[in-house]
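In my numbering, the protein residues as written are 2 to 495.
Note that CB positions come from ideal geometry on N, CA and C, so glycine has one too.
Predicted model, so just to flag it, every value in this text is computed and none were measured.
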Amino acid sequence: MQKNSLQFMGMLVLLVITTIFNYAFFNTLGITGVTLLNLLVVVVAAYFCDFAIATLTAFLAFLSINYFFTEPRYTFEIAHLQSWVSLICFLIVSVVIATLVKQLQFQTFEAQLASQRAQFARTLAEKIALAADIDALLIETCQLLQSEFHKPFGVVLCNHAMNTETHYRFVKLADVPEPDPRLLKWVWENGKAISPYTEYWAKSAQWLLPFSRTANHEPILIVGDIGNDEPIETFNAIKSCVDQISQAYQRLNSSEKAKHAELIAQEEAIQSALLASISHDMRTPLTSILGAATTLLRTDLDHTQSKYLIALIASQARYLATATENILSLVRIESSAGKQIVMDWQSPEEMIGIALQQFQEQDASLEIEVHIRSPEALIKGNIHLLTQALCNLIDNAKHAHIGTEPIMIDVVKIDHFIHLTIQDRGAGFVELPDLAQIKKFGTTKSRGFGLGLAIVQAIATLHNAQFTIQHREGGGTCATLSFPTQILELPHAG
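If you want it as structure tokens, here you go:
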């Protein structure tokens, strides 16, 4: 009402100014000029004001021309038929122009609105198509809806439902009040929207639009800052957007469930293969030990035969001890995931020395050649875990190695990584393993179920290092641990 009053007062002032101008220059303008200037006032009123104000302005201009400029002047009487025709034509033309201007404005507004809606629809479709996960989908679409409809938006996701209580998560971008849990429960149980246009909880200060039309616990879109005069077109437009977002949500939800099921199936398959391999590889040395021990019970063995069988039992027992230690180590490492481990600066040369000492005690004939090309390089890590990883790699190389050429250990710093490489001249892998899912590997050797490499991968992960296995030129395998370089912080002098 106040807006209409201001518009009317503005047009009245403009009409008064125009009348004064026409009166002052009437002898120059004539009745034709006066009529055209008043028609221009009507056009201005039609463009800037409501249709009713424009029509009223046209009628007042009609009276102004009649009173001040039509003979007899200063009266509302009209002496000539020609004057009647001119005034009535002016009034008709004024109303027609006002109508046409309003229609043009409406059509222009509709065209702009259609263009905005088309742009919004394209952007929404792009957001939906490019969304990589459910949270990104909900956040980005809420941002888009908020910018389009100038209202705060949020989404309620149900975590799980029990007999007496429903737990949910509220994702919001702006200051959207958390909805009443009773309303959420009602929407989930009935699959119906809450708004004045659905006749359900019409007095609610928020709109609640479910992603599904049936009773379930799918997300609910929350629209805040709802006024009493919100048009139904806005509600229908938002509801249409919810339908599109719901389809994308269903797609992503199904995709995530499928990926989760696939990961579970892969993990179960890996565990089954691991258990089968462990069972097979541990049964073989146990059978050898049992056979050798049974043979030793015979009294007709000479010293050489007895010594051979005892050495066999010792060798197989060491293998079982190593395998058991690897299994326990892998369990300990996996159980410590997410926990803080003791880290300090370690010298690769010292680590290699500790590992070589262990192997020299077991087998003095083992030939290993070490090249420390970056003696100043230090690795931030746990000395026990790093030494164990190095021992496992050397042990793998030892069992795979053939020929007289020594096993090569190389340490070099390149760019921002310290590379520790163990190279052998064995037959290598039939197919390079997938280190992302390293659990069990098949080599050309009959023994070995890859737990050593699994431990190396786990230790590398704990140290943010990269573990790679490649074919060595000329035959054999090249296993590399690449540790990122870090800045050594020296203590400040007191």
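When DSSP states are grouped into helix, strand and coil, Glu350 belongs to the helix group. For the alpha helix (DSSP H) assignment, the segment 73-129 encloses no uninterrupted run of at least 4 residues. The beta-carbon separation of Arg426 and Gly404, rounded to 5 Å, stays under the 8 Å limit for a contact.
The DSSP-derived three-state label of Ile423 is strand. Going by C-alpha positions, Tyr68 is about 5 Å away from Thr76. In the three-state DSSP reduction, Trp189 falls in the helix class (H, G or I). Annotated three-state conformation of Gln458 is helix, per DSSP.
Rounded to the nearest angstrom, the Cβ distance from Leu88 to Ile66 is 6 Å, consistent with a contact under 8 Å.
For Thr124, same chain residues with a beta-carbon under 8 Å away, outside a window of 5 residues either side, are Leu145 in chain order. Contact between the segment 417-426 and the segment 384-402 is present, with at least three C-beta pairs closer than 8 Å.
Under the three-state reduction of DSSP, Tyr169 is assigned to strand. Annotated as distal: Leu302 and Leu313, with beta-carbon spacing of 9 Å or more. Taking C-beta atoms as the reference points, Val157 and Pro180 count as a pair closer than 9 Å. Of the other Cβ atoms in all chains shown, fewer than 16 fall within 10 Å of the Cβ of Ser241; this residue is therefore exposed.
Between the beta-carbon of Asn160 and that of Trp189 there is about 12 Å, and that puts the pair past the 8 Å contact cut.
Per DSSP, Cys143 lies in no beta strand (DSSP E); the unbroken alpha helix (DSSP H) holding it starts and ends at Ile135 to Phe150. Burial state of Cys143 is buried, judged by a 10 Å Cβ sphere holding 16 or more other Cβ atoms. Val42 is positioned such that its CB atom lies closer than 9 Å to that of Thr19.
DSSP places Cys159 within a strand segment (E or B) once states are collapsed to three. By a beta-carbon distance limit of 8 Å, Leu321 contacts Met283. Their separation comes to about 7 Å. Val243 is a Cβ neighbour of Pro211, given a cutoff of 9 Å.
In the structure shown, the three-state DSSP call for Thr469 is strand. Three or more Cβ pairs closer than 8 Å define a contact, and the segment 89-101 falls short of that threshold against the segment 110-122. Here Leu386 really is in contact with Ile460; their C-beta atoms are around 5 Å apart, less than 8 Å. Burial of Gly429 is indicated by the presence of at least 16 other C-beta atoms within 10 angstroms of its C-beta.
If you ignore the 5 residues before and after Phe236, its C-beta comes within less than 8 Å of the C-beta of Ser196, Tyr198 and Trp208, all in its own chain and listed in chain order.
Per DSSP, Gly34 is one residue of the alpha helix (DSSP H) stretching across Phe27 to Phe49.
Excluding sequence positions up to five before and after Glu257, its CB lies within less than 8 Å of the CB of Asp134 and Ile135, all in the same chain and listed in chain order. In this structure, Ser348 is the residue among Gly477, Ser348, Gln120 and Thr285 with its C-alpha nearest to the C-alpha of Thr486.
For Ala53, the uninterrupted alpha helix (DSSP H) run begins and ends at Phe52 to Phe70, by DSSP. For Ile328, the closest C-alpha among the options Lys399, Ala25, Asn23 and Ala455 is that of Ala455.
Shown here, Phe418 sits in a strand according to DSSP, grouped into three states. Where Ala398 is concerned, there is no enclosing beta strand (DSSP E), although the alpha helix (DSSP H) around it starts and stops at Ile384 to Ala401.
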